[in-house]
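Peer 1: Numbering (this note's numbering), first residue to last: -17 to 375. We treat Cβ as the ideally placed atom computed from N, Cα and C, and that holds for glycine. Computed from a predicted structure; not experimentally measured.
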Amino acid sequence: MDQKLLVLLGPLLLFLAGTAAAQVPAGDEICLSCHVGENIRLIQDSIHGRAALTCRDCHADLKGVEAFPHRAGLVPAVCTPCHGRLAGAASAVPVHALQSRADLVSGPAVRLVRKIYLILIGFMLLSLVFLIAARLLGSKRHMLLPDKSPDISDDERFIRMNLSLRLRHLSLAVSVVLLLATGLPALLSGDKSLAWLVSPEGAPPARVGVHLFAAGMLVLTVLWHLASAAFSPAGRAHFREMIPRGKDFRDVLKLAGSRLSPARFRPPSAGRYGFIEKFEHWAAAWGSAVMIVSGFFMWRPDLSLRLFPAWVHGVFIAVHRWESVMIFIWVLLGHIYIVHFRPEVFPMSRAWLDGQISGRQLRLLHPLEYRELAETRRRRERREPNPYENVKS
């Protein structure tokens, strides 16, 4: 990538670039003698600092001026040598930004994004606590609800995920884990325990390459999923089954009402996919779209500034940051609980490994599908005659 693009919006790229120890450029000592406790030191850890820029390179009225007090100013013309025609937009971005304690870009839109995500994360955490507590309190009653059919053994195995679905799930899981592992440290870049993630002497950190690789993997997984939904009969069937219906919303209300009292716990009768599976599917779709779009413009800030105002780029960074936090919390708490710790599947559902589900799990988790299968088998065993079979012509 062109060096000019690398220095474009250097502080904004701290989210991807991390921090590295840097020497104070000659000429900045007099500035740091007064500003030692301020954010001015953070510029030395940014891409601007690695480009050996000094305070006087950016602040026009400091050049050749030793008199104090002074008022440092930054004008678009100062940014022109590196940023060219984007100098005006670049000068609007705050360079001295706290990277680990505040948003890289401030402004009403970024603050609004932060508030919205904090509300969403809080609501998600409360919902998970309520969901898990009520399920555990009502688990014994839940286990007794669906009637066992003599036509289906609890040990019988049924195909739940075909090979294509399992491979897509694996690809999604690997890409998300890599993205979280290489992206979240940017929020904790001041932690010395994460120093190994950053290469020495200010070189591009290894995690940037891994992060971009995982991002490409996520994009390919999404395209694979869309192609399957468009061209594969099994993929189209899976997509149709994942479409939310009125029953799903009624099930949510029913479940919320019954969980106010564990004694009245009544899990809704789900078919092949209940509202939890559908929620996870569409949440993954939304999260993938948000992270891909925002991540692309973070990767190409030059394109972002050509198309949008500087504050929009700040929104991209804020959305990317908080969406990743929400994904991390959901994967760590929600998805792990659903796959591992729900009473019906403990210690783990093996559907994502071998694609199969037991008759017991089918009965407990998907009672409507269980009853339909049992009824189909009963009809087959009785071999009900066709009413038109013996009609004489």
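In the structure shown, what three-state DSSP assignment does Arg139 receive?
Peer 2: Locating residue 139 in the sequence shown gives position 157, counting from the first residue. Here Arg139 sits in strand by DSSP.
Peer 1: By how many angstroms is the C-alpha of Leu194 removed from the C-alpha of Pro325?
Peer 2: In the sequence shown, residue 325 corresponds to position 343, counting from 1. In the sequence shown, residue 194 corresponds to position 212, counting from 1. The alpha-carbon atoms of Pro325 and Leu194 are separated by roughly 38 Å.
Peer 1: In the DSSP assignment, find the unbroken beta strand (DSSP E) run with Leu134 in it and report its ends.
Peer 2: Taking the first residue of the sequence shown as 1, we reach residue 134 at position 152. The sequence given here places Ile at residue 134; Leu does not occur at that position. From DSSP, Ile134 is part of no beta strand (DSSP E); its letter is neither H nor E.
Peer 1: Would Arg150 and His207 be called neighbours here (beta carbons separated by less than 8 Å)?
Peer 2: Numbered from its first residue, the sequence shown carries residue 150 at position 168. Numbered from its first residue, the sequence shown carries residue 207 at position 225. Yes.
Peer 1: State the start and end residues of the unbroken beta strand (DSSP E) segment that holds Ile339.
Peer 2: Against the sequence shown, residue 339 aligns to sequence position 357. That run of the beta strand (DSSP E) goes 338 to 340.
Peer 1: Are the Cβ atoms of Leu344 and Glu354 separated by less than 8 Å?
Peer 2: Taking the first residue of the sequence shown as 1, we reach residue 344 at position 362. Taking the first residue of the sequence shown as 1, we reach residue 354 at position 372. Taking 8 Å as the Cβ cut-off, Leu344 and Glu354 do not qualify as a contacting pair.
Peer 1: Check for me: the alpha helix (DSSP H) holding Glu262 runs from which residue to which?
Peer 2: What you label residue 262 is simply residue 280 of the sequence shown in a count that begins at 1. Segment 257 to 281, the alpha helix (DSSP H) holding Glu262.
Peer 1: For Arg360, I'd like the list of residues in its chain whose CB is within less than 8 Å of its CB, leaving aside the five on either flank, ordered along the chain.
Peer 2: Here residue 360 corresponds to residue number 378 of the sequence shown, with the count starting at 1. Answer for Arg360: Asp133, listed in chain order.
Peer 1: Exposed or buried, which one is Thr358 when buried takes at least 16 other CB atoms within 10 Å?
Peer 2: Residue mapping note: residue 358 aligns to position 376 of the sequence shown, counting from 1. Exposed, because fewer than 16 other Cβ atoms sit within 10 Å of the Cβ of Thr358.
Peer 1: Out of Asp136, Arg364, Trp312, Gly217, state which residue places its alpha-carbon closest to the alpha-carbon of Val159.
Peer 2: Locating residue 159 in the sequence shown gives position 177, where the first residue counts as 1. Cα-wise, what sits closest to Val159 is Trp312.
Peer 1: Which residue from Ser109, Ala209, Ile299, Leu145 puts its Cα closest to that of Leu335?
Peer 2: Here residue 335 refers to the residue found at position 353 when the sequence shown is read from its first residue. Ranking Ser109, Ala209, Ile299, Leu145 by Cα distance to Leu335 puts Leu145 first.
Peer 1: Given a threshold of 16 other Cβ atoms within 10 Å of its Cβ, counted over all protein chains shown, does Leu347 qualify as buried or as exposed?
Peer 2: As a working note, residue 347 is residue 365 in the sequence shown. It counts as buried.
Peer 1: Among residues of its own chain, excluding the 5 on either side of Asp137, which ones have a beta-carbon nearer than 8 Å to its beta-carbon?
Peer 2: As a working note, residue 137 is residue 155 in the sequence shown. Once the five neighbours on either side are set aside, the close Cβ partners of Asp137 are Ser340, Gly341, Arg342.
Peer 1: For a test of your reading of the model: does the CB of Met308 fall under 7 Å from any non-hydrogen atom of the ligand MN? Yes or no.
Peer 2: The ligand MN is absent from the structure shown, which contains no ligands of any kind.
Peer 1: Which residue from Tyr255, Asp230, Ile103 puts its Cα closest to that of Ser306?
Peer 2: Residue 306 sits at position 324 when you count from the first residue of the sequence shown. Ranking the options by Cα distance to Ser306, first place goes to Ile103.
Peer 1: Starting from the Cα of Ile141, find the closest Cα among Ser331, Leu202, Phe213, Arg362 and give me that residue.
Peer 2: In the sequence shown, residue 141 corresponds to position 159, counting from 1. Nearest of Ser331, Leu202, Phe213, Arg362 to Ile141, Cα basis: Ser331.
Peer 1: Specify, as a first and last residue, the run of the alpha helix (DSSP H) that Leu200 falls within.
Peer 2: Reading the sequence shown from its first residue, position 218 is the one you call residue 200. It spans 188 to 213 - the alpha helix (DSSP H) in which Leu200 sits, taken as one unbroken run.
Peer 1: If we ignore side chains and look at the alpha-carbon of each, how far apart do Ala212 and Val204 end up?
Peer 2: For the purposes of this step, residue 212 is identified with residue 230 of the sequence shown, where counting begins at 1. For the purposes of this step, residue 204 is identified with residue 222 of the sequence shown, where counting begins at 1. Each residue's Cα considered, the two are about 12 Å apart.
Peer 1: Quick one: what does DSSP say Ile299 is sitting in, helix, strand or coil?
Peer 2: The residue labelled residue 299 in the question sits at position 317 within the sequence shown. Helix at Ile299.
Peer 1: Is Ala91 closer than 8 Å to Trp293 when the C-beta atoms are compared?
Peer 2: Taking the sequence shown and counting its residues from 1, the one referred to as residue 293 is at position 311. Taking the sequence shown and counting its residues from 1, the one referred to as residue 91 is at position 109. Closer than 8 Å, so yes.
Peer 1: Taking 8 Å as the limit between beta carbons, can you name the residues of its chain near Phe328, skipping five residues before and five after?
Peer 2: Here the question's residue 328 lines up with position 346 in the sequence shown. The answer, listed in chain order, is His322.
Peer 1: Considering just the uninterrupted stretch of the alpha helix (DSSP H) at Leu152, what are its terminal residues?
Peer 2: Translated into the one-based positions of the sequence shown, residue 152 becomes position 170. Note, Leu152: alpha helix (DSSP H), 145 to 165.
Peer 1: Is the CB-CB distance between Val301 and Ser270 below 8 Å?
Peer 2: On the sequence shown, residue 301 is found 319 positions in, with the first residue counted as 1. On the sequence shown, residue 270 is found 288 positions in, with the first residue counted as 1. In this structure, Ser270 does not lie closer than 8 Å to Val301 by Cβ.
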